[in-house]
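Chains as they are written, first to last, in the numbering used here: chain B, 12 to 419; chain V, 12 to 419. Structure first, commentary second.
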């Protein structure tokens, strides 16, 4: 890590600053974190060992969750040091290649949020609402929402940057995937930053898309970096399936993956199919993409993993916008709109029933619920015993959701 | 219990019949039953010690859940005896005061389902669709649904009657509230029967209503009754609050309660406010009613408890229909319809995020998902950061949901 000596000096200074809202009580939120069932479907990695904060981050809710953990957490002399150190660094100069990964990731997702929002505004013709929010003790987020636009029924592009403290049981859970996590620490400062996005277009021929990329790091007591990992992915949920769209979406992602590791795309495509699965319906949420977590130094070094994440995120606009442009003005009838609404209902079911991040966020007191639930569509529908006509386009979609395809 | 000797003889006969689908494997569904988190809000009883099958039954899903438990359950010589005994009894003659409570409750809820469906058809002018379903090894249900009617957007009136086998860990859980449950049994035959109903009218001035009453019993190996209890309740969810409606609904329920025990209404009203609580929103789902579970012989004898349950269920139509008649044709504008849709979204949130029965049912392989999710509205909506106007009728509703009132 860069500047460990400066970090130690700053940490020592900052420890002398007054802090608020620190108690010696055990932390309810933290205890929930560690006892929550992980019975949802997914690959063996996905289902049993993703740290819960990661799932939370997958929907842009790491911030409120982690803040809750932090603000109610056990007393710790230097709990604020990482946040304060980074704030100090930002005041001192610009972020470059030698800066800590925390600051580089934060800078990167902020830039990407701006680029994506700008491009979506160009396509839609209406502007996003931008809510910047912060919580005491460091960190916060920017929630950008375009609702009832020309193209989008609802579009949310969110970032969150969080400094918090992990309690011992959460550390133990995380150590399953990260053997180098501090073995005897009672608590551990951490940093989490991520960009997440869900776009629901009006036109039933234009697919819903979800994306999330995130970085996680724990800190030594002196403020230097301890363990780190990246996670994320992106997946497409059409109401009407155009094979050429599925192929384009997957091919764009595969190219980003292949430039870094030929194994990434097949591994992470499978993980995605398994995670975004509405098991009570026996069908996938959509036609997939990639999903992964816990990419750390056991896979490859931090610099190359960051480069991979950057390429994945940068591949989003070329992967999705051409599909959107092709579909957003296609003609459709009332029955097709209704089918889209029924598919939206199943999207709601996945997010509220199976997505561990959403469930955990909603069950955590004090989380920013409106940022979590911006992933839900503007409207959705449920009909008893609705079945698509045999050999219809609707039926074809359901068949593919029941038996995910290889697209590239 | 009536006819224990006959029961023993029949059981002995029936044990010699061939059975299918019985394995010695431990049961996945059953293990889920016992490890599921009970972190939802509610009174201390509601949140920590309701047997999960009861919560499942609360939405009419005991049948699929319990059947799953049964059909994959551990091998047990006389596992089918209770179902087969009861089938034999039904063939032999009519159900009367001396019949086992299982058969009396089944008869009662079937009669009530017919009465309620007939009355709702009268009000709506359209007919319910009626799906009778059964599973091998005994039991089944009748799901009655009226969708896109004249008055109702969606109305489901369901019964289920289930014979199954509880595995040891589920027995241990239940013993928290039922000290007399067989202490050393490795598994226990059980019976569950219930009626559940959710009605969503079109008109935003007409409230959604939910009701469920259920009976549970465990059996000794000889087919005689071991432990038993009743549970249930009914609650109202308006989009626009008319105090006179809330007062009428609560008063009708209170009268049914008071005829049996003056403590019932205040106890069960509080339990309802605590259970049907969208804790991530900090507001109740609706304006309440009553909710209770585990009413057994420690409260009062079976005959009187059954009489109480009967009076509660019979009080439903006089409690709800006058409200519906008054509101179903009231004028409303587009904004009021939209507010109803946003409130419907929060109904979906409660049912999919917090209701333990729904979550458990959906996470149980093989459950009848369409019967579980008939509780969801036909349509719902979510808007980012939507807030009602200060001092509006919408705002008044939210205030009452945040701070439940005493209505009678």
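From the three backbone atoms N, C-alpha and C, an ideal C-beta is built for every residue, glycine too.
{"Item": "Neighbour list for residue 203(B) in chain V, Cβ cutoff strictly below 7 Å", "Value": "Neighbours of residue 203(B) on chain V: none; closest Cβ ~20 Å, over 7 Å."}
{"Item": "Beta-carbon proximity of residue 365(V) to residue 290(V), cut-off 8 Å", "Value": "yes"}
{"Item": "Neighbour flag for residue 358(V) against chain B, beta carbons, 8 Å", "Value": "no"}
{"Item": "Within chain V, the residues that residue 363(B) reaches when beta carbons sit closer than 8 Å", "Value": "359, 360, 363 and 364"}
{"Item": "Sequence-distant residues of its chain with Cβ nearer than 6 Å to residue 392(B) (five each side left out)", "Value": "352, 353 and 356"}
{"Item": "Rounded straight-line distance, which links the Cα of residue 408(V) to that of residue 254(V)", "Value": "10 Å"}
{"Item": "Of the listed residues 389(V), 331(V) and 224(V), nearest to residue 324(V) (C-alpha basis)", "Value": "224(V)"}
{"Item": "Uninterrupted beta strand (DSSP E) stretches inside the stretch 156-208 of chain B (no shorter than 3 residues)", "Value": "163-178"}
{"Item": "C-beta neighbour in chain B for residue 282(V), strict 8 Å", "Value": "no"}
{"Item": "Exposure label - residue 138(V); buried when at least 16 CB within 10 Å", "Value": "exposed"}
{"Item": "Beta-carbon neighbours of residue 396(V), restricted to chain B and to distances below 7 Å", "Value": "381"}
{"Item": "C-beta contact flag for residue 279(V) and residue 301(V) at 8 Å", "Value": "yes"}
{"Item": "For residue 295(B): DSSP bridge partner residues", "Value": "288(B)"}
{"Item": "Interface flag, residue 212(V) vs chain B, CB-CB below 8 Å", "Value": "no"}
{"Item": "Backbone CA spacing between residue 419(V) and residue 397(V) [nearest angstrom]", "Value": "32 Å"}
{"Item": "Short CB-CB distance (under 8 Å) between residue 239(V) and chain B", "Value": "no"}
{"Item": "Residue interval of the alpha helix (DSSP H) (run including residue 331(B))", "Value": "327-338"}
{"Item": "Close-in-space but distant-in-sequence residues of the same chain around residue 141(V) (CB under 7 Å, 5 per side omitted)", "Value": "153 and 155"}
{"Item": "Beta bridge counterpart(s) of residue 248(B) as assigned by DSSP", "Value": "219(B)"}
{"Item": "Whether residue 287(V) touches residue 334(V) by CB criterion (8 Å)", "Value": "no"}
{"Item": "Straight-line gap, residue 205(V) to residue 112(V) (C-alpha atoms, nearest Å)", "Value": "13 Å"}
{"Item": "Beta-carbon proximity list for residue 162(B), same chain, < 6 Å, skipping 5 on both sides", "Value": "134, 135, 212 and 339"}
{"Item": "Reference residue 256(V); option with closest CA among 341(V), 217(V), 284(V) and 144(V)", "Value": "217(V)"}
{"Item": "Option in 169(V), 167(V) and 199(V) with minimal Cα separation from residue 181(V)", "Value": "199(V)"}
{"Item": "Endpoints, alpha helix (DSSP H) assigned at residue 257(B)", "Value": "254-269"}
{"Item": "Environment of residue 107(B) [buried if 16+ CB atoms lie within 10 Å]", "Value": "exposed"}
{"Item": "Rounded separation between residue 228(B) and residue 184(B) - CA only", "Value": "15 Å"}
{"Item": "Pairwise C-alpha distance: residue 390(V) and residue 250(V)", "Value": "14 Å"}
{"Item": "Short CB-CB distance (under 8 Å) between residue 388(B) and chain V", "Value": "yes"}
{"Item": "Buried or exposed (CB count within 10 angstroms, at least 16 for buried), residue 345(B)", "Value": "exposed"}
{"Item": "Expected contact under 8 Å - CB spacing of residue 276(V) and residue 284(V) to nearest Å", "Value": "Incorrect: roughly 12 Å between the Cβ atoms, too far for contact."}
{"Item": "is_contact[residue 58(B), chain V] using C-beta, thresh 8 Å", "Value": "Only weak support is given to the placement of residue 58(B): the predicted model assigns it a pLDDT of 32, under 50, and the value that follows is read from those uncertain coordinates. With 8 Å as the cut-off, residue 58(B) does not count as an interface residue toward chain V."}
{"Item": "Pairwise C-alpha distance: residue 127(V) and residue 66(V)", "Value": "For residue 66(V), the pLDDT reaches just 33, beneath the cut-off of 50, and the residue's location in the model is therefore unreliable, although a value from the coordinates is still provided. Computed Cα separation, rounded: 23 Å."}
{"Item": "Cα-Cα separation, residue 243(B) to residue 317(B)", "Value": "12 Å"}
{"Item": "Classification of residue 394(B) by the beta-carbon crowding that lies within 10 angstroms, buried from 16 upward", "Value": "buried"}
{"Item": "Bridge partners - residue 410(B), DSSP secondary structure assignment", "Value": "Bridge partners of residue 410(B): none, in fact."}
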